[in-house]
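Heads up, the thing below is written out as structure tokens.
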Amino acid sequence: MPPTQFRARVTDNRSLTGGYFVLTMQSEGAGSAPLGAVTPGQFVMLRPEAWDRDLLNPRAFSVLDAYPDGTFSVLLKAYGRGTTAMKAMHPGDAMTVTGPLGQGFGPTTADGPTQLLVAGGVGLPPLHLQARRAAAAGLGHKLQMLYGGRDADDLVLLDDLKAWGVDTRLATEDGSVGDKGFVTVALARRIEQAQAEGEAIEILSCGPTPMLRAVRTLALDRGVTAWLCLEEQMACGFGVCLGCAVPVYGEKPYRYCCTDGPVFDAREVRWS
Amino acid sequence: MSAPRPTASIAPEDVDLSAPFGPLRLPHPVMTASGCFAYGQQFAHFFDVSQLSGISTKGISPSPRMGNPLPRICETASGMINSIGLENVGCDAFLSDKLPWLAELGVSVWVNFFGEDMASYVECARRLDAGRDKGIDVLEMNISCPNIKKGGIEFGTVPAVAKELTRRCVEATQVPIVVKLSPNVSDVVAMAQAVAEGGAMGVSLINTITAMAIDVRTRKPRVATTYGGLSGPAIKPVALRMVHQVHRALPDLPICGMGGIMTGEDALEFIMAGARSLQVGTANFAEPIAGVRVRDELRTLMAELGIRTLEEVVGCVQPLEPEPTWHTEPPT
């Protein structure tokens, strides 16, 4: 589905723990669901109309969920001026939306490998959506979520995963819930177990870049296929500004997070 | 004395937006700017690109370039800094893969180009001349990109060098050359004068302004090359001032004005400062159809103000006080 630019209205702004919030929007226009066919990992560029010229460019967010009735949601955390302004949005506020953009994760399949979803921080949405889709297709048993954060408050939307019956392993840096330490420690153990038992696995991961670097190193070391959903600064989101270059191995030194990604094969990404 | 300002509004359909620009007859003044529209195809998802009067392509060099390391962009107050590094497909791939699609649109195709030294500028102009009968209307010579280390900052800052470079490129092609000038100079009029003497058909004003932003937490610059080019509404007042200065000094030299144009009112400001055509740049990132909206808003605003043609208002701005004698430095 090619991207379009459309207007949406905020219908809900729900605060979660840890400063996270879920912004739900409804696209304008009867029967219009521009994001209806979104795949996990695809993203939208969001720009509140109220920004005028002060905050110039839209911000990129992975889609948390999208429905055929035109509603869709994103998970945010207030970091900079843009997300802080979005945290103060109310139902009825207008948003300019561009999307769906980028290439998402491959689907969960009945005869494919078990998918290990490795999430950290605001990297949850694409993996949350992957789990939702798999569960809806009766394939919840084909994936496992490994979800890490600083502390218990940093882990959100756990009820959804529970309701879908998705096996979820938590890790926190302070040990307040789940395993103490980085989620990649749990991932290393899980890979070891799978390889001992001859279980076919692949990794789908999204989160802070240091976490993705660790996931990549682990996957390359252990010979496991890993798909990384990356985040880069971007002004447009559709392949024009060339701001979001990703260093890669191959013919050209860079590919683009917005159009070639944001999901990349870990083997392709050229990180030292 | 100029005619008194008309006050009676007219119907929008009575506004004639046609924009003569040197030998070109543009249906309206609003184009899109180099580096902000790629080679155009991505925008066809969003709107009918042929509604623009023209497109200035991503800057083309004789050979492909891969661009700068990351981070390449950051946002600043009402603007953004970029350091993309003139990444482009190169002359040959442009002519074979990109130009045919652009030529089909029927818009004015301005091919922005540059080289790393004088010889490669001339080579680029000569090779692009092959597209003269295949849709290229203008070669927009970039002598001002801050994101190229090799080659000369002097192309964009030393009038005699810019004149010689222009002269040699004009000799290498029959396509009219418009020179995109750098704002990073103390006397933009001298630069415009020099390239006009070198044979430029017109000038584009302005390119990005050399700029910097710092992340105080990491104590590092926000773009990998330390300095980048500032664009967006933040630079509009500077751009207007330069368009006005050049128009005052060289009223017959066609000026394509740009720098933070987001609305029809911004566009009319540039026209009143002396621009005969316009380019919308950074606005395309947030809003792909920005150029067409600007055109529509310009028409509505001109109707409201009773302006029938661009010619009535190009460079019409009148000083509030007797003409200031300073050009680049404010009075102390």
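Chains as they are written, first to last, in the working numbering: chain A, 4 to 275; chain B, 5 to 336. Idealized CB from N, CA, C, for every residue including glycine.
Asked: I'd like to confirm the pairing. Which residues does DSSP put opposite proline 250/A in its beta bridges?; Found: Tyr257/A
Asked: Give me the residue from His93/A, Ala40/A, Ser275/A and Ser65/A with the minimum Cα distance to threonine 14/A.; Found: His93/A
Asked: Contact defined as beta carbons within less than 8 Å: I believe threonine 212/B pairs with leucine 234/B. What is the distance between those atoms, to the nearest angstrom?; Found: 6 Å
Asked: Below 8 Å on the Cβ atoms is my guess for leucine 67/A versus leucine 78/A; work out the distance and round it to an integer in Å.; Found: 5 Å
Asked: Taking glutamate 269/B and leucine 305/B to be in contact with their CB atoms under 8 Å, please state how far apart those CB atoms are, rounded to whole angstroms.; Found: 6 Å
Asked: Check for me: the alpha helix (DSSP H) holding tyrosine 82/A runs from which residue to which?; Found: Per DSSP, tyrosine 82/A belongs to no alpha helix (DSSP H) and is neither H nor E.
Asked: What does DSSP give as the partner residues of proline 43/A in its beta bridges?; Found: Gln45/A
Asked: With a floor of 3 residues, list each beta strand (DSSP E) that falls wholly inside the region 86-124 of chain B, ordered by position along the chain.; Found: 112-117
Asked: Is cysteine 261/A close to chain B? Criterion is C-beta to C-beta, closer than 8 Å.; Found: no
Asked: Under 8 Å by Cβ, that's how I've got arginine 171/B and glycine 202/B pegged, so tell me the actual separation to the nearest angstrom.; Found: 4 Å
Asked: Suppose the cutoff is 7 Å on Cβ atoms and the five residues either side in sequence are ignored; what does the same chain contact list for threonine 267/B look like?; Found: Val298 and Glu301
Asked: Name, please, each residue of chain A whose Cβ falls closer than 8 Å to the Cβ of glycine 83/B.; Found: Leu59
Asked: Which residue's Cα is closest to the Cα of serine 186/B: Val242/B, Val227/B and Leu132/B?; Found: Val242/B
Asked: Which chain B residues sit within Cβ distance under 8 Å of threonine 7/A?; Found: His49 and Phe50
Asked: Pull up the CB-CB distance for glycine 240/A and threonine 101/A, whole angstroms please, since I reckon it's below 8 Å.; Found: 6 Å
Asked: Identify the continuous alpha helix (DSSP H) that holds aspartate 141/B and give its terminal residues.; Found: It is not in any alpha helix (DSSP H) - aspartate 141/B instead sits in the beta strand (DSSP E) that spans 140-146.
Asked: Could you give the DSSP three-state label for valine 53/B: helix, strand or coil?; Found: helix
Asked: Could you give the DSSP three-state label for asparagine 16/A: helix, strand or coil?; Found: strand
Asked: Under 9 Å Cβ-Cβ, which residues of chain A neighbour asparagine 116/B?; Found: Neighbours of asparagine 116/B on chain A: none; closest Cβ ~14 Å, over 9 Å.
Asked: Can you tell me which of Val272/A, Ala238/A, Leu215/A and Ala229/A puts its alpha carbon nearest to the alpha carbon of glycine 124/A?; Found: Leu215/A
Asked: Give the residues of chain B in contact with lysine 255/A, contact being defined as C-beta atoms less than 7 Å apart.; Found: Met70
Asked: Could you pull out every residue in the same chain whose Cβ sits closer than 7 Å to the Cβ of glutamine 45/B, ignoring the five residues on either side in sequence?; Found: Trp105
Asked: Following the continuous beta strand (DSSP E) through arginine 341/B, name the residue where it begins and the one where it ends.; Found: Here chain B comprises residues numbered 5 to 336, so residue 341/B is not present and cannot be evaluated.
Asked: Listing by chain order, which chain B residues have their CB less than 7 Å from the CB of arginine 50/A?; Found: Ala290
Asked: Could you check if isoleucine 218/B is buried or exposed, using at least 16 other CB atoms within 10 Å of its CB as the buried criterion?; Found: exposed
Asked: Any beta-carbon of chain B closer than 8 Å to the one on alanine 63/A?; Found: no
Asked: Distance check for phenylalanine 41/B and aspartate 182/A, CA to CA, integer angstroms please.; Found: 48 Å
Asked: If we require 4 or more residues per run, which alpha helix (DSSP H) segments fall completely within the region 229-271 of chain B?; Found: 240-253
Asked: Under a three-way DSSP split, which group does arginine 62/A fall into?; Found: strand
Asked: Does the distance from the C-beta atom of serine 57/B to that of proline 75/B stay below 8 Å?; Found: no
Asked: Identify which residue in Gln197/B, Ile210/B and Glu144/B has its Cα closest to the Cα of proline 255/B.; Found: Gln197/B
Asked: Excluding the 5 residues preceding and the 5 following phenylalanine 185/A in the sequence, name in chain order all residues of the same chain whose CB lies nearer than 8 Å to its CB.; Found: Gly151, Ala174, Glu176, Met214 and Ala217
Asked: So which of Glu127/B, Gly139/B and Arg69/B has the shortest CA-CA distance to methionine 145/B?; Found: Glu127/B
Asked: I need the DSSP call for aspartate 163/A, collapsed to helix, strand or coil.; Found: helix
Asked: Along the alpha helix (DSSP H) that carries arginine 171/B, what are the first and last residues, could you check?; Found: 163-176
Asked: Which class does methionine 214/A belong to by DSSP, given the choice of helix, strand or coil?; Found: helix
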